[in-house]
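> In this note's numbering, the protein residues as written are 3 to 561.
Built from N, CA and C at the ideal position, the CB exists for glycine as well.
For clarity, every value in this text was computed on a predicted model and none was experimentally measured.
1) Considering just the uninterrupted stretch of the beta strand (DSSP E) at residue 73, what are its terminal residues?
2) Smallest Cα separation from residue 390: which of 438, 238, 402?
3) Relative to the C-alpha of residue 59, which residue among 257, 142, 272 is closest?
4) Does residue 432 pass the burial test, meaning 16 or more other C-beta atoms within 10 Å, or should it be called exposed?
5) Less than 8 Å between the C-beta atoms of residue 331 and residue 386, yes or no?
6) Which residue comes first and which comes last in the beta strand (DSSP E) that contains residue 329?
7) For residue 190, report the span of its beta strand (DSSP E) as first-last.
8) Classify residue 3 as buried or exposed, calling it buried when 16 or more other Cβ atoms lie within 10 Å of its own Cβ.
9) Looking only at its chain, what residues have a beta carbon closer than 8 Å to the beta carbon of residue 222, apart from the 5 residues adjacent to it on each side?
10) Do the region 464 to 474 and the region 416 to 435 make contact, defined as three or more Cβ pairs closer than 8 Å?
11) Nearest to residue 541 by alpha carbon, out of 183, 72, 292, 161?
12) Quick check on residue 544: buried or exposed, where buried means 16 or more other Cβ atoms within 10 Å of its Cβ?
13) If I measure Cβ to Cβ from residue 54 and keep anything under 8 Å in the same chain, skipping five residues before and after, which residues do I get?
14) Considering only their Cβ atoms, is the gap separating residue 501 from residue 489 smaller than 8 Å?
15) Among the residues of its own chain, which have a CB less than 8 Å from the CB of residue 189, if the five just before and after it don't count?
16) Less than 8 Å separating the beta-carbons of residue 143 and residue 125?
17) To the nearest angstrom, report how far apart residue 243 and residue 178 are at their CA atoms.
18) Compute the beta-carbon to beta-carbon distance between residue 119 and residue 165, rounded to the nearest angstrom, for a pair I have assumed lies under 8 Å.
19) Comparing C-alpha positions only, which one of 99, 136, 528 sits nearest to residue 474?
20) Could you tell me which whole beta strand (DSSP E) segments of length 3 or greater appear in the region 358 to 408?
21) Please classify residue 108: does DSSP put it in a helix, a strand, or coil?
22) Just mark residue 94 as buried or exposed, buried being the case when its beta carbon has 16 or more other beta carbons within 10 Å.
23) Quick check on residue 488: does DSSP put it in helix, strand or coil?
24) Give me the Cα-Cα distance between residue 246 and residue 152, rounded to the nearest whole angstrom.
25) Roughly how many whole angstroms lie between the Cα atoms of residue 522 and residue 403?
26) So what does DSSP say about residue 186, is it helix, strand or coil?
27) Have a look at 268, 214, 299 and flag the residue whose alpha-carbon is nearest the alpha-carbon of residue 172.
28) Between which two residues does the beta strand (DSSP E) containing residue 115 stretch?
29) Leaving out five residues on either side along the sequence, give the residues of the same chain with a beta carbon under 7 Å from the beta carbon of residue 464.
30) Using DSSP's beta-bridge definition, name the partner residues of residue 310.
31) With a CB to CB cut of under 6 Å and the five nearest residues on each side skipped, what residues in its chain are close to residue 346?
32) How many angstroms separate the CA atom of residue 362 from the CA atom of residue 169?
33) Taking a contact to mean a Cβ-Cβ separation below 8 Å, would you say residue 344 touches residue 282 in this structure?
34) Would residue 289 be called buried (16 or more neighbouring beta carbons within 10 Å of its own) or exposed?
35) Within a Cβ cutoff of 7 Å, which residues of the same chain sit near residue 334, ignoring the five residues on either side of it in sequence?
Laid out in structure tokens, this is it:
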């Protein structure tokens with residue numbers, strides 16, 4: 003394990019109420035709770051014909067190459083250029099990929115040059131080449147539902163083929179030179195004549211079909227159903243469906259090799275399976291345990307220090323001491339939105355997301371059962387969200403710079419507590435103080451700000467930080483902050499603003515991208531009763547803990 007030493011702190015710290023506190027331990031040791039993964043949610047796939055599989059990594063902003071014989075993963079295009087929802091190989095060996103959030107269509111030529119060949123296409127999703135080399139891409143969501151023909155060289159203007167057809171996702175051209183793909187909104191597989199715009203139904207009755215590819219005979223389509231977790235074979239001539247393999251829900255894309263082996267990506271589990279349709283056998287090519295761990299929380303009354311993880315494509319509960327995942331709620335197959343922040347109270351869990359316009363907002367769950375209690379939309383680039391003791395919610399709107407209050411009643415009313423914050427991201431309550439308040443990290447100004455709950459008055463707690471994001475309260479009153487811009491974890495005395503480095507050189511802080519509020523994927527921080535600090539790594543899809551050096555070594559964590 004790696005050790006990170008902090009500077010010696012003063013013998014006592016003061017809370018805003020003036021209460022003296024004992025000094026924190028002078029050193030921490032870093033331990034792994036959940037080991038790193040190669041992706042941050044894996045999506046589009048393409049075989050290069052040379053023993054490698056290309057994989058797109060949207061939130062991680064990378065395009066990867068996977069050795070089919072070993073499963074080894076390497077990076078072909080790194081962040082921020084590689085933010086890919088789907089990937090394809092062109093006739094000349096160029097790699098093309100779609101930036102769902104950036105709205106850019108990218109190309110990497112065989113000599114390694116990367117450039118934008120189309121832009122201003124928010125929701126850019128799937129892509130495929132026709133036999134004659136013509137190139138087609140689709141917009142899906144974020145206010146668009148369009149199929150385009152695009153010049154692969156980026157020199158000629160694009161041509162709109164269809165619009166409003168029902169969210170065309172992962173598609174491929176068939177032997178009849180027509181486009182075959184799923185229409186998400188209609189739960190169908192469609193055949194599209196891209197010259198006339200004619201649409202025919204091939205098969206229907208799916209849960210959520212997300213991608214199709216032909217087998218080697220070109221008579222059957224393999225379909226990935228995200229909601230049901232099924233790989234389905236469809237006979238094109240009749241529409242007859244056969245379930246080839248049952249997989250976990252959250253499937254995102256697939257590609258088929260010349261030997262009919264089917265490679266299937268799962269964004270929830272952040273892994274890739276290989277299915278042999280001849281016998282239905284399944285093996286993992288790349289595996290992981292977390293997808294995109296962002297906001298994290300530990301319940302203050304939990305001696306076992308279970309870590310609640312907003313994993314973007316799932317909501318998980320992880321044993322802080324042993325790394326075991328005891329609970330997972332998955333997107334697409336449930337009512338769960340794409341969680342990016344989490345806070346935990348005595349009875350409730352609060353999740354917030356800014357991932358997609360129509361799904362942005364807050365969800366309040368029963369802590370014990372996971373039952374959904376409230377679903378409150380908010381399209382203002384929501385970041386942190388916490389519940390106060392009276393049931394009121396406080397929401398940090400990253401795009402507007404406001405901190406808003408949402409009533410505890412079912413017919414929730416919203417009021418602005420304060421505004422003018424510069425990229426608010428993390429929230430932690432200070433409700434036991436004489437004047438109750440909330441601490442807010444401002445990623446743009448580099449400050450930690452305290453907002454008084456009674457009237458929204460603000461005071462600066464600490465400044466001079468670089469991109470602070472996650473924040474948590476230590477049991478002794480100190481503030482633990484992920485200072486993402488400097489790749490470190492710091493401790494702040496809320497009375498003096500003095501900061502001390504706990505750990506540095508951390509793998510945190512993916513570059514920001516379009517379509518998200520300031521802070522992008524937040525780095526989460528939580529603290530348990532024992533004083534152990536937990537930290538999520540967006541760059542590694544990992545979870546770490548920082549244990550006081552005097553504490554005994556914890557049990558074995560999960561690899």
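Short version:
1) Run containing residue 73: none; DSSP gives neither H nor E here.
2) 438
3) 272
4) buried
5) no
6) 327 to 332
7) 190 to 194
8) For residue 3, the predicted model reports a pLDDT of 36, less than 50, meaning its position is unreliable; a value from the coordinates is still stated below. With fewer than 16 other Cβ atoms within 10 Å, it is exposed.
9) 216, 235, 236, 237, 238
10) yes
11) 292
12) buried
13) 67, 68, 69, 70
14) no
15) 206, 207, 208, 209, 210, 211
16) yes
17) 20 Å
18) Their Cβ separation, rounded to whole angstroms, is 21 Å, which puts residue 119 and residue 165 out of contact at 8 Å.
19) 528
20) 363 to 368, 374 to 379, 384 to 389, 395 to 399, 404 to 408
21) strand
22) exposed
23) helix
24) 34 Å
25) 14 Å
26) helix
27) 214
28) No beta strand (DSSP E) contains residue 115, which DSSP labels as neither H nor E.
29) 449, 450, 494, 499, 501
30) 299, 319
31) 299, 301, 310
32) 19 Å
33) no
34) exposed
35) 210, 228, 229, 251, 252
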